[in-house]
Amino acid sequence: MAYYSDNPFNNRQKLIKQIDSRESQYNSENHLLKSPFSSPGYHTTIKQADFIHSTRNSLVYALGLLDTEEAHYEQRAFDIIEQVISLQDTDRSRSTFGIWSWFYEEPLDQMSPPDWNWADFCGKLLVLIVSRHSARLPEKLRQSVQQAIYNACDAIIIRNVGPNYTNIAIMGAFVTLIAGELFEREDYAKYGFERLGKLHNYTLPRQAFLEYNSPTYTQVAILELSAIVTETNNAEAKLLGNDLLDIAWKSVADHFHTGTRQWSGPHSRCYKTLLTPLSEAFLQFATGGKLAFYQEDELPYDEGWYKCGVACPEQYIEQFLTPVQQTVKECYGVNGSGTEKWATTYMTPTYSLGSFKKEIMWNQTRTLLAYVDNGGKATYLHLRALHDGYDYCSAVFHGEQRANHVLFGMNFVVNGGDTHPNLDMIDGSIEVSDFRFRLEIGGALEHVSPVVEKDSVILRIGETLVSLRTWFTAFDDQAAGTASRDWSWEVTKVDNVLGIDLVLHTGEKRVIDFQKLNEAAFLFSLCIGEGLESFKPQIEWTKELATVSGSWNNEQIGLALQLKPGVQ
């Protein structure tokens with residue numbers, strides 16, 4: 089692993105500037121950092137609030153205060169650390185022992201459910217505080233921090249997350265391994281090293297993390313693995329960490345699209361479809377400025393990056409700079425039934441197109457995703473299934489991709505989640521006011537023009553054509569009169585995005601009971617560039633299956649879809 093000797097992440101002036109910018113957010117009454125309320129819609133029961141005080145963000149701030157080495161910030165950091173430690177559950181009889189709530193305003197008992205990952209997130213920050221600044225902590229506070237870390241380590245070991253939960257597997261390994269080394273706790277150090285080894289053994293055969301190609305969590309994995317390599321004294325742990333870092337960086341480089349300067353899909357976990365300014369800055373720092381999004385004085389910075397040890401290996405940097413035409417096809421995991429999970433990405437200098445072979449339509453999943461160069465700006469296309477405007481987890485995507493063409497279908501399961509894969513299970517039916525599929529078009533919308541016909545859409549993005557075609561529809565919701573509907577696409581404008589929508593229901597609120605539907609499946613094609621007009625498939629269906637098959641660029645492509653909603 090080649091690190092830059094003068095790592096650009098270690099910019100003390102940028103750190104001080106970032107810390108100074110937080111001044112107005114600090115609440116001197118409760119010694120925590122205040123920030124505008126936001127929520128993914130689960131774990132917290134808070135629905136509306138102007139501001140909250142985050143335990144994790146407050147610890148990030150406290151570590152940053154100490155990292156500045158500015159004496160006048162020292163007491164504030166101590167006050168924050170003491171306050172956050174006081175909010176940890178220290179009752180060993182409770183399942184939440186060793187963790188924290190997300191927010192000062194919401195105790196653990198009010199969360200639904202609590203987030204056990206907070207032992208890892210907060211524990212890591214406390215470990216770094218001890219590793220870098222132990223000598224500066226008052227003795228009583230140092231003892232309190234040590235006990236809080238012990239509590240977090242015990243909670244992590246009790247929970248014992250497996251290697252299929254990549255970022256938490258890494259973070260928990262960091263907390264226990266480094267805490268074990270700092271406090272000479274062999275039990276913690278042994279557990280952390282073995283946990284890292286399990287992740288290494290799990291990941292190495294496929295050369296991909298289960299949280300596949302995630303802009304959010306690959307970056308987290310890089311930060312956490314770099315922290316392990318930087319902090320540990322265990323030479324074998326450094327080797328394991330560097331092996332995993334190489335896998336992570338190769339994945340980022342393989343999926344970076346130079347034409348739009350976006351992170352190509354598909355994404356197993358994603359919060360923002362376009363790269364955020366911080367993600368762009370992360371890549372700029374990691375490549376030593378060779379991939380440049382910002383002028384130096386405008387470059388965003390995150391205090392959590394300081395002394396993080398991150399650097400992109402030299403052998404991958406050229407991939408961020410050179411346009412290519414290539415296909416990346418990878419098996420990234422195996423589901424509970426033993427079926428392999430596959431992803432395909434096709435890139436040209438002008439666009440990228442990615443899809444999964446099979447995946448749920450969670451709001452954090454980008455199952456079918458394209459980026460198109462629109463006059464130097466990026467336009468994206470993202471397939472969604474929406475229940476009252478929010479992504480519906482029990483809709484299932486099935487796809488077969490060949491280069492610039494995806495043949496894909498949508499059907500439903502009766503035992504999945506609504507807004508989350510496992511926190512709000514549907515029990516077979518949902519109540520809806522609006523239910524639709526949407527090909528969302530966002531980013532640069534200048535020079536974007538859709539033309540809708542009965543069963544097809546031609547979309548022009550700058551000089552690039554996108555074709556969307558319906559091949560089969562079945563949704564026998566007789567109560568809503570959908571069996572004999574004219575299933576035509578329609579164009580909507582919502583906020584700052586366009587929607588190419590296929591509406592299953594809109595209007596009066598009603599119940600859709602998927603267990604009573606005999607048919608609920610749809611088959612489509614999407615093509616970027618030329619060629620969809622040459623695809624002349626055969627369409628067959630029985631009471632159980634709908635099948636579309638044909639030839640694409642002299643290669644057979646087909647997809648069979650179960651008509652009746654089933655179980656996962």
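Residues in the sequence shown are numbered from 89 upward in steps of one, following the working numbering. A virtual CB, placed ideally from N, CA and C, is assigned to each residue, including glycine.
Candidates the options, of which the one nearest residue i by Cα
| i | options | result |
| --- | --- | --- |
| Glu117 | Asp167, Ser367, Ser555 | Asp167 |
| Glu269 | Ala325, Ser622, Phe97 | Ala325 |
| Ile645 | Glu402, Gln626, Leu633, Arg294 | Gln626 |
| Glu621 | Leu590, Glu596, Ser544 | Ser544 |
| Ser374 | Phe496, Gln307, Thr178 | Per the sequence presented here, residue 374 reads as Ala, with Ser not at that position. Considering only alpha carbons, the answer is Gln307. |
| Tyr404 | Phe344, Asn205, Leu651 | Phe344 |
| Val539 | Glu227, Val579, Leu387, Asn205 | Val579 |
| Ile245 | Phe560, Leu229, Glu282, Leu225 | Glu282 |
| Cys396 | Ile514, Arg224, Gly424, Thr320 | Thr320 |
| Val412 | Cys241, Ile310, Thr436 | Thr436 |
| Asp589 | Asn499, Leu328, Leu471 | Leu471 |
| Val636 | Ser613, Asn606, Ile256 | Ser613 |
| Asp108 | Tyr389, Leu586, Tyr420, Arg220 | Tyr389 |
| Leu225 | Arg247, Ser189, Leu151, Pro293 | Leu151 |
| Asn451 | Asn462, Asp479, Gly463, Ala473 | Asp479 |
| Glu406 | Ile134, Thr453, Val340, Val422 | Val340 |
| Ile546 | Cys615, His493, Val501, Arg294 | Cys615 |
| Ser142 | Phe381, Lys105, Gln176, Leu387 | Gln176 |
| Lys604 | Phe496, Glu418, Asp203, Phe500 | Phe500 |
Element boundaries [alpha helix (DSSP H), containing residue i]
| i | result |
| --- | --- |
| Asn255 | 254-270 |
| Cys210 | 206-221 |
| Asp108 | 100-109 |
| Ala473 | It is not in any alpha helix (DSSP H) - Ala473 instead sits in the beta strand (DSSP E) that spans 465-475. |
| Phe281 | 274-291 |
| Arg230 | 227-247 |
Cα-Cα separation, residue i to residue j
| i | j | result |
| --- | --- | --- |
| Tyr130 | Val218 | 32 Å |
| Gly353 | Ser440 | 8 Å |
| Glu519 | His475 | 9 Å |
| Asn99 | Glu391 | 10 Å |
| Ala369 | Leu313 | 19 Å |
| Cys358 | Gly638 | 33 Å |
| Thr178 | Tyr468 | 47 Å |
| Tyr253 | Leu298 | 7 Å |
| Glu428 | Gly285 | 23 Å |
| Gln650 | Glu111 | 57 Å |
| Arg349 | Gln372 | 12 Å |
| Asp512 | Gly654 | 18 Å |
| Phe185 | Ala267 | 18 Å |
| Glu274 | Phe125 | 40 Å |
| Lys581 | Ser174 | 48 Å |
| Cys400 | Tyr394 | 16 Å |
| Ala309 | Leu379 | 20 Å |
| Tyr91 | Glu528 | Confidence is the limiting factor: at Tyr91 the pLDDT is only 36, short of 50, which leaves the residue's position unreliable, though a coordinate-based value still follows. About 39 Å. |
| Phe271 | Asn248 | 21 Å |
| Gln101 | Gln113 | 20 Å |
| Arg524 | Ser576 | 12 Å |
| Ile237 | Pro128 | 27 Å |
| Phe97 | Val148 | 16 Å |
| Thr364 | His593 | 34 Å |
| Gly376 | Phe408 | 12 Å |
| Val599 | Tyr420 | 36 Å |
| Ser521 | Val591 | 11 Å |
| Asn205 | Ser555 | 42 Å |
| Gly569 | Gln295 | Unreliable positioning characterises Gly569 in this predicted model, as indicated by a pLDDT of 49, which lies under 50. The coordinate reading is nonetheless provided below. Distance between the alpha carbons of Gly569 and Gln295 is about 48 Å. |
| Gly426 | Gln234 | 42 Å |
Integer-rounded CB distance, given that residue j should sit under 8 Å from residue i
| i | j | result |
| --- | --- | --- |
| Thr361 | Thr438 | The pair is not a contact, with the Cβ atoms about 18 Å apart (cut-off 8 Å). |
| Asn642 | Gly619 | About 11 Å; that fails the 8 Å criterion. |
| Leu216 | Gln171 | That pair is no contact at about 18 Å. |
| Ala301 | Ser232 | For the sequence presented, residue 301 should be read as Asn rather than Ala. At roughly 40 Å, the Cβ-Cβ gap does not stay under 8 Å, so Asn301 and Ser232 are not in contact. |
| Ala562 | Lys465 | About 39 Å separates the two Cβ atoms, so there is no contact after all. |
| Ala257 | Ile187 | Contact flag wrong, Cβ pair sits at about 17 Å. |
| Phe444 | Ala431 | 5 Å |
| Glu534 | Asn462 | 7 Å |
| Glu488 | Leu647 | 5 Å |
N- and C-terminal bounds of the beta strand (DSSP E) containing residue i
| i | result |
| --- | --- |
| Asp461 | 456-462 |
| Gly442 | 439-444 |
| Glu430 | Before going on, a small fix: residue 430 reads as Trp here, not Glu. Its beta strand (DSSP E) spans residues 428-435. |
| Ile310 | Taken as a continuous stretch (DSSP letters only), Ile310 belongs to no beta strand (DSSP E), being part of the alpha helix (DSSP H) at 303-319. |
| Phe373 | Unbroken run through Phe373 is the alpha helix (DSSP H), 365-374; no beta strand (DSSP E). |
| Val494 | 493-500 |
| His486 | 483-490 |
| Ile588 | 585-601 |
Three CB pairs or more closer than 8 Å across the stretch 255-263 and the stretch 199-214: yes
At least three beta-carbon pairs within less than 8 Å, the stretch 474-488 to the stretch 324-338: no
Touching by the beta-carbon criterion (3+ pairs, under 8 Å), the stretch 191-203 and the stretch 242-262: no
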